[in-house]
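Participant: Sharing a structure with you now.
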Amino acid sequence: MPKRYTNLDNVSTHKTWTDFRRWQRERKQKQKDLSYVVPHAVPPQWNRLHHPNGRPQLCWIGHSTFVVQMNGITIVTDPVWAKRMGAAKRLTAPGVPLDKMPPVDVVLISHGHYDHLHFGSLRRLHGDPHIFVPEGLGRLFRRRGYRRVTELSWWETASFHGVSLTFVPAQHWTRRTLWDTNTSHWGGWVITSNGAPTIYFAGDSGYFRGFRDIGERFSIDYALLPIGAYEPEWFMGPQHTTPEEAVQAFLDCRARLFVPMHYGAFRLADDTPKEALDRLWAEWRRRELEEERLLCLKLGEVIDAAQALTALSPFDNSFSQTSAITTVKQARQKE
Numbered sequence: 001m002p003k004r005y006t007n008l009d010n011v012s013t014h015k016t017w018t019d020f021r022r023w024q025r026e027r028k029q030k031q032k033d034l035s036y037v038v039p040h041a042v043p044p045q046w047n048r049l050h051h052p053n054g055r056p057q058l059c060w061i062g063h064s065t066f067v068v069q070m071n072g073i074t075i076v077t078d079p080v081w082a083k084r085m086g087a088a089k090r091l092t093a094p095g096v097p098l099d100k101m102p103p104v105d106v107v108l109i110s111h112g113h114y115d116h117l118h119f120g121s122l123r124r125l126h127g128d129p130h131i132f133v134p135e136g137l138g139r140l141f142r143r144r145g146y147r148r149v150t151e152l153s154w155w156e157t158a159s160f161h162g163v164s165l166t167f168v169p170a171q172h173w174t175r176r177t178l179w180d181t182n183t184s185h186w187g188g189w190v191i192t193s194n195g196a197p198t199i200y201f202a203g204d205s206g207y208f209r210g211f212r213d214i215g216e217r218f219s220i221d222y223a224l225l226p227i228g229a230y231e232p233e234w235f236m237g238p239q240h241t242t243p244e245e246a247v248q249a250f251l252d253c254r255a256r257l258f259v260p261m262h263y264g265a266f267r268l269a270d271d272t273p274k275e276a277l278d279r280l281w282a283e284w285r286r287r288e289l290e291e292e293r294l295l296c297l298k299l300g301e302v303i304d305a306a307q308a309l310t311a312l313s314p315f316d317n318s319f320s321q322t323s324a325i326t327t328v329k330q331a332r333q334k335e
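Residue numbers 1 to 335, in full-length UniProt numbering, belong to the letters of the sequence shown in order.
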């Protein structure tokens with residue numbers, strides 16, 4: 001029997017078919033405005049990815065797909081250029097077309113769900129990337145003929161051409177078939193290199209104490225955190241953060257800049273991109289956080305990751321962990 005992986009504190013994300021049917025009944029009764037789409041960078045900026053000029057760069061492709069460039073290498077997280085995700089049609093085109101991408105050196109996979117691991121996209125990436133995956137997921141890649149694959153457990157670190165890649169916890173689950181539920185792990189990645197900003201890519205996660213643990217181990221500059229696929233909260237709560245919880249996660253991990261992700265590409269739940277962004281900004285302002293620390297990238301926007309940090313003032317995002325967890329629990333109890 002294959003190993004079954006769990007969350008910290010054995011938090012369960014399990015839902016029954018009864019729960020699923022309830023969600024679908026409720027969903028039919030909702031009227032949603034789907035007119036807003038996440039904007040693209042105009043004019044296109046993908047040429048900058050081919051000429052980083054030794055500078056660390058960050059580009060949001062869409063959903064949980066980013067391009068990270070540092071120390072002369074190009075990294076892609078959770079590569080998904082798919083036009084559909086099951087029955088859900090992609091809401092807007094990826095920020096950089098696949099044929100405009102630079103050669104890729106490293107691919108980081110957070111977990112095996114289809115909206116984070118799309119083999120059709122992976123096969124079409126330029127280059128011969130080394131793929132780093134959670135423990136238990138390597139066998140799927142090897143069965144498909146991939147050989148440059150490294151599995152990591154939580155808190156393990158691999159090095160690639162001077163860049164350190166640490167696999168860190170998340171609160172989630174995974175499945176690709178009816179028979180492989182949680183037979184591989186899930187998590188996020190912390191990317192570090194001398195002289196470059198430290199980037200935390202959270203993958204997919206509900207709110208949990210692990211955000212604080214990650215912040216205690218790393219000095220994070222950029223936190224790439226999910227804000228979408230949270231509604232209904234009674235169903236999605238353990239596995240996806242609300243926008244308000246994402247703000248708390250940002251404070252927990254003590255990052256300097258928050259880059260939201262996991263919204264606007266596919267309609268995986270009942271929330272809309274505009275609702276997610278509106279709630280995110282409302283919580284940001286309620287907490288009186290500096291607006292320049294919330295960086296909502298356009299699709300295909302390329303930023304100089306070092307330069308964006310230089311204008312920031314010292315940031316004290318200290319907090320009471322007890323009160324933070326209590327606040328999140330109280331929010332859950334109101335549902």
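Think of the CB as a built atom: it goes at the ideal place given N, C-alpha and C, for glycine as much as any other residue.
Under 8 Å: do the stretch 150-159 and the stretch 195-203 share three or more Cβ pairs, one atom per stretch?
Facilitator: Cβ pair count under 8 Å is below three, so no.
Participant: Please report the distance separating the alpha-carbon of Glu151 from that of Glu291.
Facilitator: Sequence index remark: in the sequence shown, residue 151 carries index 151 (1-based). Sequence index remark: in the sequence shown, residue 291 carries index 291 (1-based). Approximately 38 Å, taken between the alpha carbons.
Participant: When you compare each of Gly195, Lys298, Pro56 to His63 by their alpha carbons, which one comes out closest?
Facilitator: Looking up residue 63 in the sequence shown gives position 63. Cα-wise, what sits closest to His63 is Lys298.
Participant: For Asp213, name the three-state secondary structure that DSSP assigns.
Facilitator: Within the sequence shown, residue 213 is the residue found at index 213, counting from 1. Of the three classes helix, strand and coil, the one that applies to Asp213 here is helix, per DSSP.
Participant: Note the first and the last residue of the continuous beta strand (DSSP E) segment covering Val247.
Facilitator: Numbered from 1 along the sequence shown, position 247 holds the residue referred to as residue 247. Element bounds for Val247: not the beta strand (DSSP E) but the alpha helix (DSSP H), 243-252.
Participant: Return the bridge partner residues of His161 from the DSSP annotation.
Facilitator: In the sequence shown, counting from the first residue as 1, residue 161 sits at position 161. According to DSSP, His161 bridges with nothing at all.
Participant: Give the secondary structure of His40 by DSSP, where H, G and I count as helix, E and B as strand, and everything else as coil.
Facilitator: Translated into the one-based positions of the sequence shown, residue 40 becomes position 40. Strand at His40.
Participant: Considering only DSSP beta bridges, list what Gly62 is partnered with.
Facilitator: Numbered from 1 along the sequence shown, position 62 holds the residue referred to as residue 62. Bridge partners of Gly62: Thr65.
Participant: What residues are listed by DSSP as bridge partners for Asp180?
Facilitator: Taking the sequence shown and counting its residues from 1, the one referred to as residue 180 is at position 180. Its beta-bridge partners do not exist; DSSP assigns none.
Participant: Alpha carbon to alpha carbon, how far is Val302 from Pro79?
Facilitator: Numbered from 1 along the sequence shown, position 302 holds the residue referred to as residue 302. Numbered from 1 along the sequence shown, position 79 holds the residue referred to as residue 79. Each residue's alpha carbon lies about 17 Å from the other.
Participant: Kindly list the residues whose CB is nearer than 8 Å to the CB of Gln45, restricted to its own chain and excluding five residues on each side of it in sequence; keep chain order.
Facilitator: One-based indexing of the sequence shown puts residue 45 at position 45. Only Cys59, Gly300, Glu301, Val302 meet the Cβ criterion.
Participant: From Val149 to Leu137, what distance separates their C-alpha atoms?
Facilitator: For the purposes of this step, residue 149 is identified with residue 149 of the sequence shown, where counting begins at 1. For the purposes of this step, residue 137 is identified with residue 137 of the sequence shown, where counting begins at 1. Looking at the two C-alpha atoms, the distance is approximately 10 Å.
Participant: From Glu231 to Trp179, what distance separates their C-alpha atoms?
Facilitator: On the sequence shown, position 231 is the one that residue 231 refers to. On the sequence shown, position 179 is the one that residue 179 refers to. Each residue's Cα considered, the two are about 26 Å apart.
Participant: DSSP three-state label for Ala196, please.
Facilitator: The residue labelled residue 196 in the question sits at position 196 within the sequence shown. Coil, per DSSP.
Participant: Assuming Thr65 contacts Asp105 under a Cβ cut-off of 8 Å, what Cβ separation, rounded to an integer in Å, is found between them?
Facilitator: Taking the sequence shown and counting its residues from 1, one reaches residue 65 at position 65. Taking the sequence shown and counting its residues from 1, one reaches residue 105 at position 105. About 16 Å; that fails the 8 Å criterion.
Participant: Please return the same chain residues whose Cβ sits closer than 6 Å to the Cβ of His161, not counting the five positions on each side in sequence.
Facilitator: Translated into the one-based positions of the sequence shown, residue 161 becomes position 161. Same-chain partners within the cutoff: Ile73.
Participant: Tell me the residue span of the beta strand (DSSP E) that contains Ala223.
Facilitator: The residue given as residue 223 occupies position 223 in the sequence shown. Note, Ala223: beta strand (DSSP E), 222-226.
Participant: By Cβ distance below 8 Å, which residues in the same chain neighbour Ser323 in space, the five residues on each side in sequence not counted?
Facilitator: Taking the sequence shown and counting its residues from 1, the one referred to as residue 323 is at position 323. In this prediction, Ser323 scores a pLDDT of 39, lower than 50, which makes its location untrustworthy; no coordinate-derived value is stated.
Participant: Smallest Cα separation from Gly228: which of Gly127, Val38, Pro94?
Facilitator: Reading the sequence shown from its first residue, position 228 is the one you call residue 228. Per the Cα distances, Val38.
Participant: Taking the Cβ atom as the reference point for each residue, do Pro273 and Ala246 lie within a distance shorter than 8 Å?
Facilitator: Here the question's residue 273 lines up with position 273 in the sequence shown. Here the question's residue 246 lines up with position 246 in the sequence shown. Cβ distance not < 8 Å, so Pro273 and Ala246 don't count as in contact.
Participant: On the CB-based measure, 16 or more other CB atoms within 10 Å of its CB, does His51 come out buried or exposed?
Facilitator: Within the sequence shown, numbered from 1, the residue matching residue 51 stands at position 51. It is exposed - the Cβ of His51 has fewer than 16 other Cβ atoms within 10 Å.
Participant: For His14, I'd like the list of residues in its chain whose CB is within less than 7 Å of its CB, leaving aside the five on either flank, ordered along the chain.
Facilitator: As a first step, residue 14 is located in the sequence shown; it is residue number 14 there, counting from the start. The answer is none, since no qualifying residue turns up.
Participant: Decide if Thr16 is buried, meaning its Cβ has at least 16 other Cβ atoms within 10 Å, or exposed.
Facilitator: In the sequence shown, residue 16 corresponds to position 16, counting from 1. Its Cβ having fewer than 16 others within 10 Å, Thr16 is exposed.
Participant: Please determine whether the Cβ atom of Pro43 lies at a distance below 7 Å from any heavy atom of the ligand GTP.
Facilitator: This structure does not include the ligand GTP; it has no bound ligands of any sort.
Participant: Taking the continuous alpha helix (DSSP H) assigned at Phe235, which residues delimit it?
Facilitator: Within the sequence shown, numbered from 1, the residue matching residue 235 stands at position 235. 233-236 is the span of the alpha helix (DSSP H), which, as asked, contains Phe235.
Participant: Hey, how far is the Cα of Thr166 from the Cα of Pro43?
Facilitator: Here residue 166 is taken as the residue at index 166 of the sequence shown, counted from 1. Here residue 43 is taken as the residue at index 43 of the sequence shown, counted from 1. The straight-line gap from Cα to Cα measures roughly 34 Å.
Participant: Taking the alpha-carbon positions, what's the Arg55 to Asn71 distance?
Facilitator: For the purposes of this step, residue 55 is taken as residue 55 along the sequence shown, with counting starting at 1. For the purposes of this step, residue 71 is taken as residue 71 along the sequence shown, with counting starting at 1. Whole-angstrom Cα-Cα distance: 8 Å.
Participant: Put His50 into one of helix, strand or coil per three-state DSSP.
Facilitator: If you number the sequence shown from 1, residue 50 lands on position 50. Looking at His50 - three-state DSSP - the assignment turns out to be helix.
Participant: With Glu151 as the anchor, note down where its beta strand (DSSP E) starts and where it stops.
Facilitator: Within the sequence shown, the letter at position 151 stands for residue 151. Looking at the DSSP string, the run of the beta strand (DSSP E) that includes Glu151 is 149-152.
Participant: Leu117 by DSSP, collapsed to three states: which one?
Facilitator: The residue given as residue 117 occupies position 117 in the sequence shown. Coil at Leu117, not helix or strand.
Participant: Here's the rule I'm using: 16 or more other beta-carbon atoms within 10 Å means buried, otherwise exposed. How should Glu216 be labelled?
Facilitator: Within the sequence shown, residue 216 is the residue found at index 216, counting from 1. Classification for Glu216: exposed.
Participant: Skipping 5 residues on each side, what residues in its chain have a beta carbon closer than 6 Å to that of Lys83?
Facilitator: Against the sequence shown, residue 83 aligns to sequence position 83. Answer for Lys83: Arg90, listed in chain order.
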